[in-house]
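Numbers 2 to 365, taken from the numbering used here, label the letters of the sequence shown in order.
Report on the structure given below.
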Amino acid sequence: MNEKILIITDNYRKINFSSLLSLYSTDFINPDQLNSLRILNYDAAIIDFKEPAKNIETSNILRSINSWLPILVITDFAFPDEYLDFMNIHGYGQIKMLIWRENYPEEIIKYIQCLIHPGYADAKSEIALVLPIYDAKSQYNNLLSLIENVNILIEKSLNNIYIYLVNINCENNIENLINKIEKNTALNNDTIKSQIKLVYRKACNYLDALRSIDSQIMILIDTYKQYNISDISKIVNILKLGYFDMIIGSNSKSDEYLKNNINIMEKPLINSLLPEGITYLENGLIGMSATASNYILSLLKQDTGTPIDLELLYISKLLKFRVLQIQIDFIQKENIVPIKTNSLSLIKSIRRLKGLKVSKFKSA
2 MNEKILIITD NYRKINFSSL LSLYSTDFIN PDQLNSLRIL NYDAAIIDFK EPAKNIETSN
62 ILRSINSWLP ILVITDFAFP DEYLDFMNIH GYGQIKMLIW RENYPEEIIK YIQCLIHPGY
122 ADAKSEIALV LPIYDAKSQY NNLLSLIENV NILIEKSLNN IYIYLVNINC ENNIENLINK
182 IEKNTALNND TIKSQIKLVY RKACNYLDAL RSIDSQIMIL IDTYKQYNIS DISKIVNILK
242 LGYFDMIIGS NSKSDEYLKN NINIMEKPLI NSLLPEGITY LENGLIGMSA TASNYILSLL
302 KQDTGTPIDL ELLYISKLLK FRVLQIQIDF IQKENIVPIK TNSLSLIKSI RRLKGLKVSK
362 FKSA
């Protein structure tokens, strides 16, 4: 193997990195020399400090030099707060956290291989980005921009990302959209053919499409908005840590959206659906682990009339999944229909949702 690994450690855990990683080219840097670094030509970095705060600080120093550098952080035991701390690591590259077990030192090799080769040693390693298409003509420019941005992640960090284009009631010729993307995007032909998948060529039921996707991580993307790829990368990295089952990417600056679309009477109804600690804001990205998506998608119904993000959150609440809400920035590119304009309709749809889910659990 020719891969180069950078190792920065305080030697608290006395890990024999040289022996464990003998098949790699390894360089050790004293923590005191970090500020003198200017270039990082490594395939991955291992950070191993006793104090979690030092791990975060060191990660950010490395990411300030190379924002795409894959990082493996070694820790003793991960409390929920420590998982949350990982949101403070900057950059776009992959992050993995290894809870150190002295009797299983070879886990370092597996984690490093997964960082360098994201599809390694896991038959179900796919990351599915789901892009619904309602109107190929009006959504074209936004879809093209989204796909080109995701391609940066594919080329530089996560080559196991697959883009699923889901045709939902789209009367435009979906094949023309694919052809235009092939001609006008910066993606090379191999990426187009191997990593962009059309779930249904004809208009389909959105939930049937989601249930047909088998992936380690699924991220639902509102294709009427544009995002910073660092937010997509952040959601992937947090879910890969394994503590949270669902990540909701919300825009905290969406007060105007809520003011226009949700009245005072509706707020208590909506709040009754939300997991503890979650506030209903304008959502753009929803990430789920494989376990969460399998359970949630089996319980979703097409005909409740409730916005899908509320339905996902309510099922997560019933199943007691661990849900994290993070702040993301996005730009609304198209004018879309508000989530609900009629309080009576919302009340009825929430009742249908609660009735369906409660009866489902009672029969289980």
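Yeah, the Cβ is synthetic: ideal placement off N, Cα and C, and Gly gets one too.
Sequence-distant partners of N150 (beyond 5 residues in either direction) whose C-beta falls short of 7 Å from its own C-beta, in its chain, are I230. Unbroken beta strand (DSSP E) stretches of 3 residues or longer found wholly inside the segment 103-180: 128-134 and 162-168, given in chain order. In this structure the segment 312-322 does not lie against the segment 237-244, because fewer than three pairs of beta carbons, one per stretch, are closer than 8 Å. In this structure, I72 and I96 form a Cβ contact; the two beta carbons are roughly 5 Å apart against a cut-off of 8 Å. Distance check between N295 and each of Q328, T280, M247 and Q326 places M247 closest, using alpha-carbon atoms only.
Collapsing the DSSP output to three states places K184 in a helix.
Remark: C-beta atoms of D49 and K5 do not approach each other more closely than 8 Å.
Secondary structure note for T10: its beta strand (DSSP E) is the uninterrupted segment K5 to T10. Going by C-alpha positions, H91 is about 7 Å away from S68. If only complete runs of 3 or more residues are kept, the segment 21-104 shows the beta strand (DSSP E) at 26-29, 45-49, 72-76 and 96-100, in order along the chain. CA-CA distance, N3 to S273, rounds to 54 Å.
With contact defined as three or more Cβ pairs closer than 8 Å, the segment 307-314 and the segment 271-288 are in contact. With contacts defined by Cβ atoms closer than 8 Å, E108 and L99 form a contacting pair. For Y207, the enclosing alpha helix (DSSP H) has its first and last residue at Y207 to R212. Your pair L70 and A54 does not check out as a contact, with CB atoms roughly 20 Å apart and the cut at 8 Å.
By the criterion of a C-beta distance shorter than 8 Å, L41 is surrounded in its chain by L7, L63, I66, N67 and L70, once the five residues flanking it on both sides are discounted. Linking I148 to I164 through their CA atoms gives a straight-line distance of about 8 Å. Going by C-alpha positions, L298 is about 41 Å away from Y25.
Here G288 is bridged, per DSSP, to I220 and I248.
Here I230 carries a helix assignment [DSSP, helix/strand/coil]. Shortest Cα-Cα distance from D209 to any of R14, N168 and T224 involves N168.
Between the alpha carbons of E283 and Y228 lies a gap of roughly 13 Å.
By the neighbour-count criterion, in which a residue is buried when 16 or more other Cβ atoms sit within 10 angstroms of its Cβ, G278 is exposed. Cβ-Cβ distances below 6 Å link K157 to W69 in the same chain, with the five nearest sequence neighbours on each side left out; the list follows chain order.
The residue among Q328, T224, Q326 and R212 with its C-alpha nearest the C-alpha of T292 is R212. Put simply, the backbone Cα of V131 is about 17 Å away from that of K235. For I327, the enclosing beta strand (DSSP E) covers residues V324 to Q328. Put simply, of I155, I153 and L145 the residue whose alpha carbon is nearest the alpha carbon of I179 is L145.
Of the other Cβ atoms in all chains shown, fewer than 16 fall within 10 Å of the Cβ of D33; this residue is therefore exposed.
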